[in-house]
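To start, the structure itself, in structure tokens.
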Amino acid sequence: MTTADPRHVRIAIIGAGFGGIGAAIRLRQEGHHDFLVFDRGSEVGGTWRDNSYPGCACDVPSHMYSLSFARNPEWSRSFSGQAEIWAYLRRCVTDHGVQPHLRLGHEVQGAAWDDAAGHWVIDTSQGRYTADVLVAAGGPLTEPSTPKLTGLETFEGELFHSARWNHDHDLTGRRVAVIGTGASAIQFVPRIAPTVERLHLFQRTPAWVMPRADRAITRVERSLFRHVPAVQRLARAGVYWGREAMAVGFLHPAVMRLSQRIARQHLNRVIKDQRLRAKLTPRYTMGCKRVLLSNDYYPALARDNVDVVTDAIVEVRPNGIVTGDGTLHEVDTIIFGTGFHVTDMPMAQTIRGRDGRTLAETWRGSMRAFQGTSVTGFPNLFLLLGPNTGLGHTSVVFMIECQITYLLGMLRHLRQTGAHAIEPTPEAQERFVAHVDRKMAGTVWSQGGCRSWYLDENGRNSALWPGYTWSYWLRTRRFDAAAYRPVSTPDRPAADVRVGAEVER
Ligand code: NAP
562 MTTADPRHVR IAIIGAGFGG IGAAIRLRQE GHHDFLVFDR GSEVGGTWRD NSYPGCACDV
622 PSHMYSLSFA RNPEWSRSFS GQAEIWAYLR RCVTDHGVQP HLRLGHEVQG AAWDDAAGHW
682 VIDTSQGRYT ADVLVAAGGP LTEPSTPKLT GLETFEGELF HSARWNHDHD LTGRRVAVIG
742 TGASAIQFVP RIAPTVERLH LFQRTPAWVM PRADRAITRV ERSLFRHVPA VQRLARAGVY
802 WGREAMAVGF LHPAVMRLSQ RIARQHLNRV IKDQRLRAKL TPRYTMGCKR VLLSNDYYPA
862 LARDNVDVVT DAIVEVRPNG IVTGDGTLHE VDTIIFGTGF HVTDMPMAQT IRGRDGRTLA
922 ETWRGSMRAF QGTSVTGFPN LFLLLGPNTG LGHTSVVFMI ECQITYLLGM LRHLRQTGAH
982 AIEPTPEAQE RFVAHVDRKM AGTVWSQGGC RSWYLDENGR NSALWPGYTW SYWLRTRRFD
1042 AAAYRPVSTP DRPAADVRVG AEVER
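Its first residue numbered 562, the sequence shown is counted upward by one per residue in the numbering used here.
Encoded structure:
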């Protein structure tokens, strides 16, 4: 152990993506320096490091999809590409002094609350660390999900997931199968379609696709943002409220009819072939699954070298994929655009609470957390983008910022009350979950007639926040001390702690 590499810290953060970096910046700004950020990768960036597929970009405007306390006046487009977002995150690290706190190449293999010691024991690929507070910022879109197709292991060609793109595999002149038609696939399909010899796109459910209003941000605008920060803040506010207005449709599905008309016109304008148009027409209410934005997806599907295959996949053979109608689609490359383990995130299997059970064992298929961040039985654990704090309509970076503010409030509470460890009361957690479930019942995610990745194995939507983001901001702008109880540690019996004490701001 050296001072340069402390093995015990006040706060350990898992993950150096938007959540981990954002938390690190705010911690430093608030005077916390005793913390480390672990990441298994050799570079920071999280999902924006891992997803490097052709065409990868964000479909939330950059002025909103960035940290309000790490302003970037230089965004080149309204919807920035992966390279620019990743560069922004790397710059955040250097500009805000986060570098010394990073422990890259440290894969967290397990974290367990040690009741006797009153701290978290964190096992990484580079050895053991301990911390008083654990912030899990692994992110929901981290672990690629690849379907277990019969015969997949016999395939003799190249296969990879969109989040692990094999850039060494030249697709020129290849016969390629793409499985999945979600937000990732609709971005890379138009990029690879002109290069490959033949593209078989295996679609299980057609998605609603809206036109994408992307444009370059002019030099004049950028100069204005640089020199008059208030203008950029105004632009951000404009995007924020525009996006909040879109939430109305998700919360009141009947309103979606108007948007569906726009999306149908978009489809009909490009796809003239009636059979293809029928294949691409969604049969659920818009918003039930993520609404996709693209101007080049439909034109790519109209190409002569692209087939949209809607028959179910039966098996994979060494030289291709067989569908229910008996057709063998001969391919030499399979690309999975099949999404991520979201409601069954592997990190939940590695974090153990007071009773020795993991989050996954505690949740039994349905993630639950007070404010989407704190879990009963897991003292001083703080989840960033935890249960029910994902979004369908706007920037999750906003939710991350709300949670970081709440985390800072919790740290202040610990300091001011003298508590060493706290956790939410079971009643507070149940009340929060009941509120979320009640709100969710009327939304398009419940009523829209689809099966989305937002739903867990119990059929409960444990991924999304069922409301406006300002309502989440209202809930989290102050730490809710009354919802927590102290947890006894050897040096600090719970009885000595002032429960629910008010925290100065
Ligand atoms: P996704 O939205 O989960 O889409 C997965 C696709 O794979 C769906 O079309 C799904 O079909 C299909 N699929 C899954 N298992 C299958 C199987 N066994 N057989 C056939 N098809 C199968 O994944 P994603 O496209 O990677 O996107 C995930 C999320 O990442 C997005 O929702 C979004 O939040 C985020 N993202 C955002 C952007 C952006 O900002 N532009 C870009 C990429 C990703 P079904 O629909 O039938 O299930």
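C-beta: ideal position from N, C-alpha, C; glycine also.
At a cut-off of 7 Å, the beta-carbon of residue 748 counts as near ligand 1: some heavy atom of the ligand is closer than that.
Exclusion of the five residues before and after residue 667 leaves 599, 600, 601, 685, 686, 687 as the residues of its chain whose Cβ lies within less than 8 Å of its Cβ.
Taken in chain order, the whole beta strand (DSSP E) runs of length 3 or more contained in the segment 805–881 are 867–870, 874–878. Per the coordinates, the alpha-carbon of residue 873 lies some 48 Å from the alpha-carbon of residue 660. Relative to residue 851, the option among 950, 762, 774, 954 whose CA is nearest is 954. Per DSSP, residue 670 is one residue of the beta strand (DSSP E) stretching across 669–675. Just so you know, the alpha carbons of residue 640 and residue 846 end up roughly 25 Å apart.
The C-alpha of residue 809 is placed about 22 Å away from the C-alpha of residue 826. Looking at the DSSP output, residue 1019 bridges to nothing. Sequence-distant partners of residue 946 (beyond 5 residues in either direction) whose C-beta falls short of 7 Å from its own C-beta, in its chain, are 580, 700, 701, 957, 960, 961.
In this structure residue 908 is not in contact with residue 943, their Cβ atoms being roughly 13 Å apart against a cut-off of 8 Å.
The three-state reading of DSSP puts residue 996 in helix, counting H, G and I together. Take the alpha-carbon of residue 586 and the one of residue 593: they are about 10 Å apart. Contact between the segment 1009–1018 and the segment 895–914 is present, with at least three C-beta pairs closer than 8 Å. Below 8 Å, too few C-beta pairs join the segment 987–997 and the segment 911–921 to call them touching: fewer than three.
Counted as a single uninterrupted DSSP element, the beta strand (DSSP E) harbouring residue 1046 occupies residues 1045–1047. Ranking 597, 671, 704, 624 by CA distance to the CA of residue 612 puts 704 first. For the pair residue 858 and residue 737, the CB atoms are not nearer than the 8 Å cut-off.
The alpha-carbon separation between residue 577 and residue 631 amounts to approximately 15 Å. Annotation note: the segment 650–717 contains the following uninterrupted beta strand (DSSP E) runs of length 3 or greater, listed N- to C-terminal: 663–665, 669–675, 680–685, 688–697. For residue 894, the enclosing beta strand (DSSP E) begins and ends at 894–897. A residue is called buried once 16 or more other Cβ atoms fall within 10 Å of its Cβ, and residue 802, having fewer, is exposed. By the neighbour-count criterion, in which a residue is buried when 16 or more other Cβ atoms sit within 10 angstroms of its Cβ, residue 829 is exposed. By the neighbour-count definition (other C-beta atoms within 10 Å, threshold 16), residue 813 is an exposed residue. Straight-line spacing of the CA atoms in residue 720 and residue 713 works out to 10 Å.
With contacts defined by Cβ atoms closer than 8 Å, residue 597 and residue 662 form a contacting pair.
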